[in-house]
Amino acid sequence: MTYATVPDTHPPAPRGWYKRNQIAVTPFLFLAPAILFFAVYVIIPIGQSFWISLHEWDGLGEATWVGTANYERLLGIGEQNMDRKFETSFWNNIKWLILYLLAIPAGLFIALFLNQTVRGIRVYKSLFFFPFVISQVVVGLVFSWFYLPREGLLNALIGLFGFGPVNILGDPSLATYGIIAAGLWPQTAYCMILYLTGLNAVDPEQVEAARLDGAKGWRMLWYVILPQLKPATFIAFVVTIIGALRSFDLISVMTNGGPFGSTRVLSFYMFEESLSEFGFRMGYGAAIAVILFFIMLAFIIYFLWSMYQDERGGR
Amino acid sequence: MFPTPIEKRPRSAQLSYQAFLPLALILWLLPLIAVANFSIKPEADFVNGNYWGMPSSFEMFSNYGRVFFESNMPRYLLNSLFITVPTVIGAVALSAMAGFALGVYRFKGNLFIFFMFIAGNFVPFQILMVPVRDLTIDLNLYDTKTGLILFHIAFQTGFCTLFMRNFIRALPFPLIEAARVEGVAEWRIFWYVVLPLMKPALAALAVLIFTFIWNDYFWAVVLTQGPGAQPVTAGITEFNSQFRAAYHLMSAGSIVAALPPVAMFFLMQKHFIAGLTLGAVK
Amino acid sequence: MTLQKKPAWVALGVSSLLAGAAFAGSHGAALSGDLKIISDMSNPAPRAVMEGMVADFQEMHPDLDIELTIVDREAWKTQIRNALGANPPDVVNWYAANRMLPYVNAGLFADVSDLWAEPEFEALASTKGAMTIDGAQWGVPYTYYQWGVYYRKDIFDELGLSEPTTWDEEKANCEAILASGRKCYTIGTKFLWTAGGWFDYLNSRTHGYDFHMALARGEVPWTDDRVRQTFANWRELIDMGAFIDDHQTYSWQEALPFMINGEAAAYLMGNFAVAAFRDGGLTDDQLDFYQFPKIADVDYAEDAPTDTFHIASGAQNMDAAKEFLRFVVSVDNQTKINGGDALGQLPVNANAEIGDDKFLQEGFDMLSNNASGGIMQFFDRDFPAEMASVGMEGLQEFMVFPDNLDDILARLEDARARIYE
Chain B
1 MTYATVPDTH PPAPRGWYKR NQIAVTPFLF LAPAILFFAV YVIIPIGQSF WISLHEWDGL
61 GEATWVGTAN YERLLGIGEQ NMDRKFETSF WNNIKWLILY LLAIPAGLFI ALFLNQTVRG
121 IRVYKSLFFF PFVISQVVVG LVFSWFYLPR EGLLNALIGL FGFGPVNILG DPSLATYGII
181 AAGLWPQTAY CMILYLTGLN AVDPEQVEAA RLDGAKGWRM LWYVILPQLK PATFIAFVVT
241 IIGALRSFDL ISVMTNGGPF GSTRVLSFYM FEESLSEFGF RMGYGAAIAV ILFFIMLAFI
301 IYFLWSMYQD ERGGR
Chain V
1 MFPTPIEKRP RSAQLSYQAF LPLALILWLL PLIAVANFSI KPEADFVNGN YWGMPSSFEM
61 FSNYGRVFFE SNMPRYLLNS LFITVPTVIG AVALSAMAGF ALGVYRFKGN LFIFFMFIAG
121 NFVPFQILMV PVRDLTIDLN LYDTKTGLIL FHIAFQTGFC TLFMRNFIRA LPFPLIEAAR
181 VEGVAEWRIF WYVVLPLMKP ALAALAVLIF TFIWNDYFWA VVLTQGPGAQ PVTAGITEFN
241 SQFRAAYHLM SAGSIVAALP PVAMFFLMQK HFIAGLTLGA VK
Chain U
1 MTLQKKPAWV ALGVSSLLAG AAFAGSHGAA LSGDLKIISD MSNPAPRAVM EGMVADFQEM
61 HPDLDIELTI VDREAWKTQI RNALGANPPD VVNWYAANRM LPYVNAGLFA DVSDLWAEPE
121 FEALASTKGA MTIDGAQWGV PYTYYQWGVY YRKDIFDELG LSEPTTWDEE KANCEAILAS
181 GRKCYTIGTK FLWTAGGWFD YLNSRTHGYD FHMALARGEV PWTDDRVRQT FANWRELIDM
241 GAFIDDHQTY SWQEALPFMI NGEAAAYLMG NFAVAAFRDG GLTDDQLDFY QFPKIADVDY
301 AEDAPTDTFH IASGAQNMDA AKEFLRFVVS VDNQTKINGG DALGQLPVNA NAEIGDDKFL
361 QEGFDMLSNN ASGGIMQFFD RDFPAEMASV GMEGLQEFMV FPDNLDDILA RLEDARARIY
421 E
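Protein chains in written order, with UniProt numbering: chain B, 1 to 315; chain V, 1 to 282; chain U, 1 to 421.
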């Protein structure tokens, strides 16, 4: 990185300090408010959470310094076993992160379907977007009724094909998948919108040229369209990963972490330990959050790395 | 255009597409239709396990009437509006400025600051929960709209800056250089040259942030309580009572609560799509 | 009482003097200023009750500026910490027993022992224990309700069954119900606490109130053979198939239709369920109540959770707050707010009248005459918060996979060792 490279073509006439340093100073003036807000509400709290995670604190009285004891208990360092709730939550988080990505191809599919200019398509697009804007609490409720073992529509449907009734949310091995499916509904709508905008920007000339070369269908999609949709895919990937981490509302509505804690994810577990009805372990909760943060750091580094590569190629 | 515009296909394909479209929509919105159905049912249907069938009596007017006239819903809706609109303005303003600084200037630490915003965007927000709550309490902003707005602006700034900076990067740089040669002050370049070009991005971000903030539930619960400041997402749970959830009222309430973002999207669709298109990462 | 014995007239003189002072403080000088109340009585009926109480109190003290905020009951369980910390209100709602403990320990609730020393509070003696921590009282109750078995009388009649009083009768009844193609009990354990009710009853009926409370205080290991005996009794019902299938999927409301449709015959629940049964279409001819039957030869202990009012230690208007608490427990107000047309629960003041409702009457009779073992506040209020949450999860798992018992108990024991230290 170097200093401002825009050549100063003006003669060095005597000017004020600001005028002289305008190009060096302006970016910081423009950045100052955003950085201030971001530091106060995001950067510093991350540090504070780390600090809290080294204490035992019920959130009401005085905190006691316990060093890394919270982490040792979580990860099972030393003589103790790994916290089983933590272990379950961790693996569920992984499931969320992977399966949630299905929203991307699904969103692309729907976007391709809707990318037409028939009468009323604007209304259709808006209505397809609806699931994304409805409260997650309600999405969770509806899906949990949908899955009900007896009254639920799901069992009625699979019953038509001769399959026995299943109790998705009551079965510790299936419940997480049931919640993820519910989460995919709004997330797919979101990805769809991103792809609709992406398709709008696809260069028609390239498409026509490819058509003349005889490309169509899947080949066209794969070799011509998808590369042009890369920006949309990138954003969809980013928001989906973030969405997978915000799975909190659905879990608390649909299973409340159960049955027997099988659907917890780290963010839910953290909330449960520190601020829920029975949770008074701020330090322990903060330690879970810190570990979650380190898991996310892997993604963050990947994104930053790929962006850094792009930047070096760019201006 | 991809896929092939339907007008260029045979007539039969056109007809079947037009017929399939509403069908697909109904299938897609089935859960939502269920919510709409819930919202016109009497409470007794839920006690009797009649979730999916026809309402045993048509209670639309009484349910929605109760939502609007016998609950705090109107107040919650207003709160949501007074939280969402300033947040959108604040986050878009801050990030337009930050994006301008990061997209146009080269200086030491540019990438570092940019990456910091991106990284902050990925932070699992639960890690911020306790410190932000304490901070808000210390600032005497607990249970106020301002407290919620300030936090939302800060947290959304990460995402918005990523977006804005990339959008500005995609603008023709010679335009800015030309202005500099003319001796135009930097802030004027921002105001008169860059900002007008960013209109689509501003519109797109505004819609997106609007939906994010409007649907926020987590922070609403952490930073506010009661109808004085709480937005509608949290307010809906007011229908949930100690021992019994009023599903019919919650459904009606959530339909009402979902309408503003849908309307917003519908009205802004053109700008939204144009803005996202250009703002995507190069 | 830990007071030294003193001549009766001294004690009398002091207390009447105190009462006199209280009288002067509350009525002599009119109350003024602000009174901030946060209530979690967010259901339609309780909300009306709360608003009515404030209106009445306002009328008595016109110079007082009362600000009432009603918040969602579930949300309040987590919000109370924030509310008490920053710029606290004067009066808040909460629960009795161990649920108060973190707030008492952190010094967020004000000590109201002086109120309890007033003669009017003698009528509240039965709830004093639940409000006491470290020998002081930290709030006042305003209502409580009984737990027990609500059952379909018409089904019992059809099968020729009568209310069971012993464990063997209970099981025999259940056999008959199962043979008729129904389940004995409906239950929804999705939110766990319903399973806590079953454990409270099974454990206290098997080993008595004192053992149950010792377990709650962490003095008995979960792996103790006596605890296993309780689970063995429970397992008898589970192995019979007495409970509805898939109960881990249902909230307690979602489990109601089983009983309303006649697929299950009974529900172990709190008295608040009665309103839901009636809404679902059951008449008082179809619905009846019996006390949980005897298992071992121990005195009956009953779950009767108490809901409460507290004063924040940072309250700005202590005088008005205390006067409000006095008003809440007063005879007239207790009769009014617990009546069948209001909360429909039991008044905490012994001089108040019980609402004219067969379940209220029956519940009151049961608690006054047939609960000599003691009154439990419910699993999640008697056990410390963390133990309650780990414990109820284990109970739910046991009800679905009873074979996991060893693993569950080992886990609970692990938690006990850490939580009580």
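C-beta atoms are modelled at their ideal positions from N, C-alpha and C, and glycine is treated no differently.
Item                                                                                                                                                                 : Value
Quick check on this structure: which residue in F258(U), E353(U), A195(U) has the alpha carbon closest to the alpha carbon of K183(U)?                               : F258(U)
For the alpha helix (DSSP H) containing T146(V), list its first residue and its last residue.                                                                        : 145-170
What number of angstroms, rounded off, separates the C-alpha of V298(U) from the C-alpha of V227(U)?                                                                 : 16 Å
Would you call the segment 144-159 of chain B and the segment 167-186 of chain B in contact, with 3 or more CB pairs under 8 Å?                                      : yes
Of all the residues that make up the segment 80-103 of chain B, which are near chain V by a beta-carbon distance shorter than 7 Å?                                   : none
In whole angstroms, give me the CA-to-CA distance for T117(B) and I6(V).                                                                                             : 8 Å
Use the C-beta contact count for R81(U): other C-beta atoms within 10 angstroms, 16 or more gives buried, fewer gives exposed.                                       : buried
Find the nearest neighbour of M282(B) within the set A106(B), K230(B), N70(B), A34(B), judged by alpha-carbon distance.                                              : N70(B)
Taking the beta carbon of W17(B) as the centre, do at least 16 other beta carbons fall within 10 Å, making it buried, or is it exposed?                              : exposed
Identify every residue that forms a DSSP beta bridge with P141(U).                                                                                                   : T308(U)
Counting pairs of beta carbons, one from the segment 258-272 of chain B and one from the segment 34-43 of chain B, are three or more of them closer than 8 Å?        : no
Could you check where the alpha helix (DSSP H) with G373(U) kicks off and where it finishes?                                                                         : Element bounds for G373(U): n/a, residue is neither H nor E.
With a floor of 4 residues, list each alpha helix (DSSP H) that falls wholly inside the segment 189-244 of chain V, ordered by position along the chain.             : 199-215, 218-223, 232-235
Whose Cβ in chain U lies nearer than 9 Å to the Cβ of T233(V)?                                                                                                       : None at all; the shortest Cβ gap to chain U is about 12 Å.
I'd like to know whether the C-beta atoms of F299(B) and F122(V) end up nearer to each other than 9 Å.                                                               : yes
Can you give the Cα-Cα distance for D154(U) and G280(U), rounded to whole angstroms?                                                                                 : 16 Å
Between the segment 46-74 of chain B and chain U, which residues of the former have a C-beta closer than 8 Å to a C-beta of the latter?                              : D58, G59, L60, G61
Whose Cβ in chain V lies nearer than 9 Å to the Cβ of T186(U)?                                                                                                       : Correct list: empty, because the minimum Cβ distance to chain V is about 12 Å.
Any idea which residues DSSP pairs D288(U) with across the strands?                                                                                                  : Y151(U)
Please list, in chain order, all residues of the same chain as Y420(U) whose beta carbon is under 7 Å from its beta carbon, the five residues on each side excluded. : G218
With a cut-off of 8 Å, do at least 3 Cβ pairs link the segment 83-90 of chain U to the segment 305-322 of chain U?                                                   : yes
Per DSSP, what kind of secondary structure is L74(B) in: helix, strand or coil?                                                                                      : helix
Is DSSP giving I37(U) helix, strand or coil here?                                                                                                                    : strand
Runs of 3 residues minimum, wholly inside the segment 171-251 of chain U: which ones carry the beta strand (DSSP E) assignment?                                      : 183-185
With a threshold of 16 other CB atoms inside 10 Å of the CB of G147(V), please say whether the residue is buried or exposed.                                         : buried
What ranges does the alpha helix (DSSP H) occupy inside the segment 133-199 of chain B, keeping only unbroken runs of at least 4 residues that lie completely in it? : 136-146, 153-160
What residue range does the beta strand (DSSP E) around G270(U) cover?                                                                                               : 264-270
Under 8 Å from any heavy atom of the ligand GTP, does the C-beta of G257(B) make it?                                                                                 : Ligands displayed in this structure: none; no statement on the ligand GTP is therefore possible.
Below 6 Å CB to CB, which residues in the same chain sit around N173(U) once its five sequence neighbours on both sides are set aside?                               : L161, P164
Flag this pair as yes or no: are the beta carbons of G148(U) and G340(U) separated by less than 9 Å?                                                                 : no
Does DSSP classify E118(U) as helix, strand or coil?                                                                                                                 : coil
Between Q230(V) and A246(V), how many whole angstroms is the CB-CB distance? I'm expecting something under 8 Å.                                                      : Actually they do not touch by this definition, with Cβ atoms about 18 Å apart.
Could you say which of W52(V), F190(V), G120(V) lies nearest to Q156(V) if we only look at CA atoms?                                                                 : G120(V)
Which partner residues does N317(U) have in the DSSP bridge list?                                                                                                    : Looking at the DSSP assignment, N317(U) forms no beta bridge with any residue, so it has no partner.
Rounded to whole angstroms, how far is the Cβ of G257(B) from the Cβ of I251(B), which I believe are closer than 8 Å?                                                : 6 Å
Would you report the Cα separation of T188(B) and L292(B), rounded to the nearest angstrom?                                                                          : 25 Å
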